[in-house]
Amino acid sequence: MVMVRVDALTKRFGETSALTELSVEVADGEFFVMVGPSGCGKTTLLRILAGLERPDSGDVWFGDRRVTTTDPGSREVGMVFQNYALYPHLSVHENLAFGLRVRHTNRNAVRVRVAEVAELLELQDYLDRKPKQLSGGQRQRVALGRAIMGRPQLLLMDEPLSNLDAILRERMRIELRRFHDRVGITTIYVTHDQKEAVSMADRVMVMNNGRIEQIGPPADIIRHPLTEFAARFMGHPPMNIWRAAMEVTAAGVARVSDGSGAAWTVPGPWPTAPGSSLDVWLGVRPRDVDLVGPGEVADLTATVEVVERGGGDDVFLHCRHRDETLVISVNDGRALPRSGDEVRLKLRLDRVHLFKADTGARIHPSTVNGHAAATLAPLLVGSELQ
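See below:
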């Protein structure tokens with residue numbers, strides 16, 4: 000196991016910047032997941048850690064050892080690829096043993112190590128089979144076994160479950176996490192699937208355009224996203240986010256409105272100067288929007304476009320509010336609206352998020368005695384929502 004540190008790493012491919020001044024630390028024994036859309040730089044960073052790419056600037060440290068220019072074979076790193084990369088003409092035993100035999104390791108030592116790894120990954124009954132005789136999950140376990148045969152300090156995994164069907168992916172997530180907890184090896188895992196990241200990671204690093212959007216435990220990022228991008232990317236279904244305007248009064252109170260006839264007062268104090276206005280993104284999770292009935296106070300009206308059943312008792316209403324689609328999570332135990340119905344909605348105001356429209360950064364109120372002073376309270380404009 001080893002602590003990994005990346006300092007101000009930059010990597011360009013021609014005119015394209017894949018990574019820009021990126022710095023991060025991964026703790027010894029941590030299961031660390033890098034997540035983001037295609038092209039955000041996560042695989043490039045993984046390849047630099049493996050020694051398959053060299054950065055244009057910056058450094059990589061494994062513990063107190065600088066490995067920026069160290070050859071891949073000297074880094075004590077195991078890597079699992081998306082396509083398994085197994086030798087089709089070799090048996091499971093031979094695939095597992097291949098790396099150690101290339102290093103001229105004693106044959107008896109190789110045999111003992113293959114037996115250990117096969118038992119760890121429950122492959123004992125498949126050692127004589129060829130890859131084509133295995134299921135997708137079994138192949139993935141062979142690929143994992145080959146990566147750990149040499150007892151690496153660091154395990155790198157590049158979207159290893161993306162070729163599996165949905166049911167097998169769910170099972171393999173649990174198996175990989177259970178394996179990590181048994182062996183304790185420092186693991187850096189790349190995926191574009193935020194559900195995968197949430198279910199497996201100790202900490203997640205959300206990436207976008209070669210930069211870090213946010214790092215933290217998955218639940219913290221979902222509850223307290225620091226950027227509009229992180230808010231949209233993490234969580235299922237994604238956060239509802241739409242444009243609004245924020246005005247700060249002379250008393251330091253903010254008034255937020257989206258032009259639909261509803262507005263909210265946001266008690267301060269706010270760091271923005273009184274009398275100023277700001278274009279913002281207003282965000283709220285689908286589970287934090289409630290349907291309200293006649294006679295109850297509502298914040299918004301919207302039109303149902305699609306009723307999606309999410310499995311179990313979960314139902315997601317895809318609604319049109321002005322030019323935006325809002326998703327509302329409701330329970331199947333109540334009477335549900337149908338496509339085309341108008342619904343009245345109320346936001347759980349203590350869970351609303353505001354982000355600057357130009358930078359995407361979250362807007363925080365000032366603090367009083369170490370506590371955030373702002374809470375949201377509705378100020379309904381007009382009578383049509385009453």
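In case it helps, numbering that gives the first Met the number 0 puts the sequence shown at residues 0 to 385. Here a beta-carbon is modelled for each residue, glycine too, at the ideal position from N, C-alpha and C.
Residue range V91 to V101 is occupied by the alpha helix (DSSP H) that includes H92.
Check the Cα spacing between T69 and each of T300, V101 and E52: the tightest is with E52.
Across the structure, A244 and A262 are spaced so that their CA atoms are roughly 9 Å apart.
The distance from the Cβ of R172 to that of S198 is about 5 Å, consistent with a contact at the 8 Å cut-off. By the criterion of a C-beta distance shorter than 8 Å, H88 is surrounded in its chain by K129, once the five residues flanking it on both sides are discounted.
Counting only runs that start and end inside the segment 203-262, the beta strand (DSSP E) elements of at least 3 residues fall at 210-215, 239-247 and 253-256. One Cα belongs to R176, the other to D27, and the distance between them is close to 16 Å.
Judged by beta-carbon spacing, L45 lies within the 7 Å limit of D157, meaning their Cβ atoms are closer than that value.
Nearest neighbour of N94 by Cα position, chosen from E307, K131, L348 and R319, turns out to be K131. By the CB criterion at 7 Å, G136 and L167 fall inside the cutoff. Under the three-state reduction of DSSP, S276 is assigned to strand. Here M156 is bridged, per DSSP, to V79 and Y188.
Taken through DSSP and simplified to helix, strand or coil, L348 comes out as helix. Sequence-distant Cβ neighbours of P336 in its own chain, meaning closer than 6 Å and more than five residues away, are V303 and V342. Excluding sequence positions up to five before and after Q81, its CB lies within less than 7 Å of the CB of D157, E158, P159, S161 and N162, all in the same chain and listed in chain order. Classified as buried, V79 has 16 or more neighbouring CB atoms from the shown chains inside 10 Å of its CB.
Beta bridge pairing from DSSP links R11 with S16. P293 and E323 have their C-alpha atoms spaced approximately 24 Å apart. Here the alpha carbon of I327 sits roughly 18 Å from the alpha carbon of W280. Sequence-distant partners of G359 (beyond 5 residues in either direction) whose C-beta falls short of 8 Å from its own C-beta, in its chain, are T226, E227, F228 and W280. Closest in alpha carbon position to M233, among L353, A297, Q213 and D58, is Q213. When secondary structure is reduced to three states using DSSP, E307 falls in the strand class.
For N107, the enclosing alpha helix (DSSP H) begins and ends at R106 to L119. For T324, the enclosing beta strand (DSSP E) covers residues E323 to N330. It is roughly 6 Å from the alpha-carbon of R347 to the alpha-carbon of V288. Around the beta-carbon of D257, 16 or more other beta-carbon atoms lie within 10 Å, marking it buried. Using a 10 angstroms sphere on the CB of E195, the tally of other CB atoms reaches 16 or more, which defines it as buried. Look at K41 here: in three-state DSSP terms it is helix. Bounds of the alpha helix (DSSP H) holding L167 are A165 to V182. Across the structure, N207 and P36 are spaced so that their CA atoms are roughly 7 Å apart. L21 sits in a strand when the DSSP states are folded into three classes. Excluding its 5 nearest sequence neighbours in each direction, G57 has C-beta neighbours in its own chain below 6 Å: D6, A7, L8 and T9, listed in chain order. The shortest C-alpha to C-alpha distance from H320 to any of I211, V1 and R242 is the one to R242. In the DSSP annotation of this structure, the continuous segment of the beta strand (DSSP E) that includes V32 starts and ends at F30 to V34.
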